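Novice: Residue numbers (full-length UniProt numbering), protein chains in the order written: chain S, 1 to 245; chain W, 1 to 455. Can you keep this structure in mind? I'll have questions shortly.
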Amino acid sequence: MKTGLFIPCYVDALYPEVAVACYKLLKHLQVDVTYPLKQTCCGQPMANAGFESKAVPLAEHFEDIFKGFDYVVAPSASCAAFVKLNYPRLLQGKHFCETSDKIMDICEFLHDVLKVKSLPGKFYHKVSLHNSCHGVRELGLSSPSERNIPKYSKLKDLLSLVEGVTVCEPERVDECCGFGGMFSVEEPEVSTQMGIDKLERHMATGAEYITGPDSSCLMHLQGVAKRQQKDIKFIHIVQILAAGL
Amino acid sequence: MSTLHRKAAQTFLKNGENAKWHDATFWALRDKRDNMAMGLDEWERLRDTASAIKRHTVTHLDKYLEQFATNAEKNGVKVHWAKDAEEFNNIVLEILTSHNVKKLVKSKSMLTEECEMNPFLEQHGIDVVETDLGERILQLMKQKPSHIVVPAIHITQEEVGHLFERVLGSEKGNYDPTYLTYQARISLRNEFMTADAGMTGANFGVAATGDIVVCTNEGNADMSTSVPKLHIAAMGLEKVIPDYRSLAVFQRLLCRAATGQPTTAFTSHFRKARPDGEMHIILVDNGRSDIIANTEHWETLKCIRCGSCMNTCPVYRRSGGYSYTYFIPGPIGINLGMLKSPVKYSDNVSACSLCCSCDNVCPVKVNLSEQIYRWRQNLDSLGKADPMKKAMSAGMEYLFGHPGLYSTSLRFAPLANHLPRLLMYNKLNGWGIGHEMPEFPRESFQTMWKKGEVK
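Structure, rendered in structure tokens:
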């Protein structure tokens with residue numbers, strides 16, 4: 001089971017510790033994983049901003065790099081969702097898109113493919129789980145609060161394997177935090193207000209950390225928290241799952 | 001360049017207390033809707049069925065409209081066809097003038113807002129009286145609806161109290177909602193009794209029977225049609241549905257999604273004129289048949305105007321109905337505005353974080369966020385793309401399209417941590433308005449990997 005690690009551009013540049021945790025965790029779980037060089041960005045930022053055509057060369061590049069793997073795994077639900085849902089259309093008329101069926105958010109991969117039943121780590125902290133929009137509503141990492149379907153959360157299932165961790169969820173469990181890629185730049189006031197509101201609800205749980213599968217939401221919330229001088233820590237969910245490795 | 005939506009939202013958010021109240025009020029509606037949705041085991045199946053019925057009807061609209069019109073005519077109803085707003089307004093005026101109507105009472109209709117019928121009729125000397133309480137308040141205040149179902153929810157009871165003191169002569173300083181409603185009721189009763197014609201919208205037109213169905217909570221549609229002998233119904237082409245069986249599906253969804261009630265207080269069927277009366281139905285196209293032909297956006301025609309996409313939209317809740325430049329706000333309004341005129345209404349396309357919550361509440365499963373995403377792709381060719389975003393996207397395309405350059409930039413990125421604050425936090429950096437910048441670590445993952453540091 002050849003697995004390619006896709007480390008989205010901003011994780012690579014800003015949160016290398018998240019990428020390291022992914023690699024260590026997958027290695028620990030004896031996955032045949034490698035990090036192909038020359039990878040850059042999936043193209044989501046420009047596509048969501050309305051410049052999908054500029055994402056096409058990146059989609060082709062991504063295909064070239066990752067098509068030989070059985071699975072492509074990324075620590076970013078939103079980027080994984082973009083590849084999964086949009087690449088087939090972006091590559092239409094060029095060639096069949098292979099990576100769309102192979103890409104998974106790492107939590108999805110751990111939960112659905114590896115079916116992880118135990119983890120070695122301990123994390124004696126209270127965390128508030130950030131259910132990011134694309135993770136919930138595009139990848140189905142948990143049941144969307146709008147839908148009348150049986151409630152589940154792959155993220156909570158995984159966190160429950162780590163000794164010591166107490167998981168809370170904010171009120172309005174999967175309301176958007178306001179990042180939205182370039183939305184945060186084009187509508188900064190609304191985006192910030194959404195961030196402030198989200199932070200408040202996370203902090204009301206009394207958690208020490210906000211955690212989730214998307215560093216992008218966490219980056220946004222962290223930026224808002226710093227500006228608002230709110231005292232709460234941020235950690236990607238994989239860093240908790242890989243605790244002690 | 002800022003969109004008009006952004007500018008209006010900025011102003012809206014300056015009144016923090018009001019903004020918080022607005023958000024909480026609409027979240028409460030979302031909450032009530034959730035309670036209803038979770039209370040029906042078959043909720044998701046109803047949504048699937050409703051979507052399928054609408055897809056079928058919209059793609060066989062010619063057949064169902066003909067059937068509807070034929071049956072309505074069999075019932076003695078006069079059916080008119082209006083290709084646009086102008087034709088619609090003129091048909092209404094003609095009916096009214098030929099009956100020597102001086103006063104028209106009407107129940108709520110977003111279609112008459114769309115066609116700007118009220119000012120047109122008023123110009124021609126007809127007194128138009130809105131009878132839905134929210135709409136009446138707005139009419140007296142000379143304001144437009146800020147939401148399609150609860151049009152005046154942004155107005156406080158104190159503001160209504162002041163208005164009624166001035167216009168209806170209500171007690172000074174009495175802002176009790178029950179009292180104020182009673183005052184409106186007395187005044188409206190007089191309007192009903194002295195009106196020469198009544199107008200309703202239509203939530204549904206049933207092809208198999210020729211009925212129109214109107215859902216209200218106040219019974220004002222029934223008053224509008226029970227006192228005057230002339231009834232005119234305004235109905236958009238897309239409101240036609242096949243039969244009562246399909247009506248039953250929508251009837252279970254509409255009010256639950258809209259206000260979180262199991263049903264509206266009144267679900268009124270109008271099939272024929274009262275004895276000695278006349279009933280007219282005006283079927284209005286006004287761009288709808290063009291939407292059917294739009295391969296990417298035709299599913300907006302499935303919309304049953306419940307407003308639930310607005311209530312759940314985190315941007316709508318934090319920017320208010322008036323921050324949008326089209327008369328229908330929120331996710332469905334962004335899309336309908338673009339269908340009306342992409343050049344005129346492109347300012348609303350920024351009002352979406354692509355969170356996809358609207359797609360999941362929509363009772364007829366309109367793919368709202370996907371459509372907004374698609375509209376964004378058209379902005380550049382319309383000359384409406386944000387230059388900053390365009391430049392950023394082009395820069396990213398170049399950077400990410402050249403892995404060597406990307407690697408080099410990663411190595412130099414930490415230098416940004418030491419840039420002077422003024423250079424980082426200014427007008428050009430939208431991110432810096434509400435955020436501190438993230439700090440670059442000493443090494444990127446890629447650099448660590450190349451050095452063999454990742455084990």
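All C-beta atoms in this analysis are idealised placements derived from N, C-alpha and C, irrespective of residue type, glycine included. Only a predicted model underlies this, so the values are computations on that prediction, with no experimental measurement involved.
Suppose you measure from the CA of ARG47/W to the CA of ARG189/W; what does that come to, to the nearest Å?
Specialist: Against the second sequence, residue 47/W aligns to sequence position 47. Against the second sequence, residue 189/W aligns to sequence position 189. Straight-line Cα distance between these residues: approximately 39 Å.
Novice: Going by Cα to Cα distance, which pick from SER341/W, SER107/W and HIS124/W is closest to PRO151/W?
Specialist: Here the question's residue 151/W lines up with position 151 in the second sequence. Taking only the C-alpha atoms, the option nearest PRO151/W is SER107/W.
Novice: What runs of the beta strand (DSSP E), each 3 residues or longer, lie entirely inside the region 70-123 of chain S?
Specialist: Qualifying beta strand (DSSP E) stretches, in chain order: 71-74 and 103-105.
Novice: From the DSSP secondary-structure annotation, give me the bridge partner or partners of VAL105/W.
Specialist: What you label residue 105/W is simply residue 105 of the second sequence in a count that begins at 1. VAL129/W and GLY198/W, per the DSSP bridge assignment.
Novice: CA-CA distance, ARG227/S and CYS42/S?
Specialist: Locating residue 227/S in the first sequence gives position 227, where the first residue counts as 1. Locating residue 42/S in the first sequence gives position 42, where the first residue counts as 1. So the alpha carbons of these two residues sit roughly 29 Å apart.
Novice: Out of GLN92/S, TYR71/S and HIS130/S, state which residue places its alpha-carbon closest to the alpha-carbon of MET104/S.
Specialist: In the first sequence, residue 104/S corresponds to position 104, counting from 1. MET104/S has its Cα closest to that of TYR71/S, out of GLN92/S, TYR71/S and HIS130/S.
Novice: Just verifying my parser: in three-state terms, what is the DSSP assignment at TYR35/S?
Specialist: Along the first sequence, one-based indexing puts residue 35/S at 35. Coil, per DSSP.
Novice: Does any residue of chain W have a CB that is nearer than 7 Å to the CB of CYS97/S?
Specialist: Within the first sequence, the letter at position 97 stands for residue 97/S. It does not: the Cβ of CYS97/S has no partner Cβ on chain W nearer than 7 Å.
Novice: Keeping to the same chain, check which residues put their C-beta closer than 7 Å to that of GLN239/S; ignore five residues upstream and five downstream.
Specialist: The count along the first sequence starts at 1 and reaches residue 239/S at position 239. Correct list, in chain order: GLU17, VAL18 and ALA21.
Novice: Taking only beta-carbon atoms, is ILE7/S less than 7 Å away from chain W?
Specialist: In the first sequence, the residue the question calls residue 7/S occupies position 7. Output row for ILE7/S: interface = yes.
Novice: Identify the contact partners of VAL343/W in chain S, using a Cβ-Cβ distance below 9 Å as the criterion.
Specialist: As a first step, residue 343/W is located in the second sequence; it is residue number 343 there, counting from the start. Near VAL343/W there are no residues of chain S at all, since even the closest Cβ is about 15 Å away, more than 9 Å.
Novice: Say whether chain S places a C-beta atom closer than 7 Å to the C-beta of TRP81/W.
Specialist: Within the second sequence, the letter at position 81 stands for residue 81/W. With 7 Å as the cut-off, TRP81/W does not count as an interface residue toward chain S.
Novice: From which residue to which residue does the alpha helix (DSSP H) around TRP298/W run?
Specialist: Position 298 of the second sequence, counting from 1, holds the residue named residue 298/W. Unbroken run through TRP298/W: none, as it is neither H nor E.
Novice: Does DSSP put HIS125/S in a helix, a strand or coil?
Specialist: Counting from 1 along the first sequence, the entry for residue 125/S is found at position 125. Coil.
Novice: Kindly identify the DSSP beta-bridge partner or partners of CYS215/W.
Specialist: Residue 215/W sits at position 215 when you count from the first residue of the second sequence. In the DSSP output, where bridge partners are listed per residue, CYS215/W has THR267/W.
Novice: So does the region 166-174 of chain W actually touch the region 80-97 of chain W, counting three or more Cβ pairs closer than 8 Å?
Specialist: Verdict: no, contact absent.
Novice: Along the region 57-81 of chain S, what residues have a CB closer than 8 Å to any CB found in chain W?
Specialist: Those would be PRO57, LEU58 and HIS61, in chain order.
Novice: Should the region 119-127 of chain W be called in touch with the region 301-318 of chain W, which here means at least 3 C-beta pairs below 8 Å?
Specialist: In short, these stretches do not touch, since the Cβ pair count stays below three.
Novice: Please confirm if LYS239/W has its CB atom under 7 Å from at least one CB of chain S.
Specialist: By 1-based counting over the second sequence, the position of residue 239/W is 239. Not one chain S Cβ lies under 7 Å of LYS239/W.
Novice: List, in order along the chain, the chain S residues whose C-beta lies closer than 8 Å to that of TRP431/W?
Specialist: Sequence index remark: in the second sequence, residue 431/W carries index 431 (1-based). Here the neighbours are SER184, VAL185, PRO188 and GLY223.
Novice: For the region 102-122 of chain S, list every residue whose C-beta sits within 9 Å of some C-beta in chain W, in sequence order.
Specialist: Within the region 102-122 of chain S, no residue has a Cβ that lies closer than 9 Å to any Cβ of chain W.
Novice: Which residue comes first and which comes last in the beta strand (DSSP E) that contains TYR175/W?
Specialist: The count along the second sequence starts at 1 and reaches residue 175/W at position 175. Unbroken run through TYR175/W: none, as it is neither H nor E.
Novice: Report the CB separation of ASP23/W from ARG318/W in whole angstroms; it is logged as a contact under 8 Å.
Specialist: Locating residue 23/W in the second sequence gives position 23, where the first residue counts as 1. Locating residue 318/W in the second sequence gives position 318, where the first residue counts as 1. Correct: roughly 6 Å between the Cβ atoms.
Novice: Is it buried or exposed, THR70/W, if we count other Cβ atoms within 10 angstroms and call 16 or more buried?
Specialist: Walking along the second sequence from the start, residue 70/W turns up at place 70. Exposed, because fewer than 16 other Cβ atoms sit within 10 Å of the Cβ of THR70/W.
Novice: Is there a Cβ of chain S sitting closer than 7 Å to that of ALA9/W, yes or no?
Specialist: Locating residue 9/W in the second sequence gives position 9, counting from the first residue. For ALA9/W, the answer is yes, since a Cβ of chain S falls inside 7 Å of its Cβ.
Novice: If VAL105/W sits next to VAL129/W, beta carbons under 8 Å apart, how far is it from one beta carbon to the other, in whole angstroms?
Specialist: The residue given as residue 105/W occupies position 105 in the second sequence. The residue given as residue 129/W occupies position 129 in the second sequence. Indeed, because the Cβ distance is near 5 Å, the residues count as touching under 8 Å.
Novice: For LYS2/S and GLY68/S, what's the separation of their Cα atoms in angstroms?
Specialist: The residue given as residue 2/S occupies position 2 in the first sequence. The residue given as residue 68/S occupies position 68 in the first sequence. Roughly 8 Å between the two C-alpha positions.
Novice: CA-CA distance, ALA413/W and HIS402/W?
Specialist: Here residue 413/W is taken as the residue at index 413 of the second sequence, counted from 1. Here residue 402/W is taken as the residue at index 402 of the second sequence, counted from 1. Cα to Cα, ALA413/W sits roughly 16 Å from HIS402/W.
Novice: One question on the structure: do SER444/W and LYS384/W come within less than 7 Å of each other, judged by their Cβ atoms?
Specialist: What you label residue 444/W is simply residue 444 of the second sequence in a count that begins at 1. What you label residue 384/W is simply residue 384 of the second sequence in a count that begins at 1. For SER444/W and LYS384/W, no; Cβs fall outside 7 Å.
Novice: Verify the CB distance criterion: does ASN131/S have a CB-CB separation below 7 Å to chain W?
Specialist: Stepping through the first sequence from its first residue, residue 131/S is reached at position 131. For ASN131/S, the answer is no, since every Cβ of chain W falls outside 7 Å of its Cβ.
Novice: Does MET448/W get closer than 7 Å to chain S when you measure Cβ to Cβ?
Specialist: To locate residue 448/W, count along the second sequence from 1; it is residue 448. Chain S, which has a Cβ nearer than 7 Å to the Cβ of MET448/W, makes this yes.
Novice: Please work out which residues of its chain come closer than 8 Å, Cβ to Cβ, to VAL162/S, disregarding the five sequence neighbours upstream and downstream, and give them in chain order.
Specialist: Your numbering for residue 162/S matches position 162 in the first sequence. Within the same chain, VAL162/S has close Cβ partners LEU119, GLY121, LYS122, PHE123, ILE240, LEU241 and ALA243.
Novice: Does LEU410/W get closer than 7 Å to chain S when you measure Cβ to Cβ?
Specialist: Mapped onto the second sequence, residue 410/W falls at position 410. Chain S, which has a Cβ nearer than 7 Å to the Cβ of LEU410/W, makes this yes.
Novice: Evaluate the contact criterion for the region 199-219 of chain W versus the region 237-254 of chain W: three or more CB pairs, one atom per stretch, below 8 Å.
Specialist: Yes, the region 199-219 of chain W touches the region 237-254 of chain W.
Novice: How many angstroms separate the CA atom of ILE91/W from the CA atom of HIS80/W?
Specialist: Position 91 of the second sequence holds residue 91/W. Position 80 of the second sequence holds residue 80/W. Rounded to whole angstroms, ILE91/W to HIS80/W spans 8 Å at the Cα level.
Novice: If the criterion is Cβ atoms closer than 7 Å, does the pair ILE372/W and ILE332/W meet it?
Specialist: Here residue 372/W refers to the residue found at position 372 of the second sequence. Here residue 332/W refers to the residue found at position 332 of the second sequence. Contact flag unset, no.
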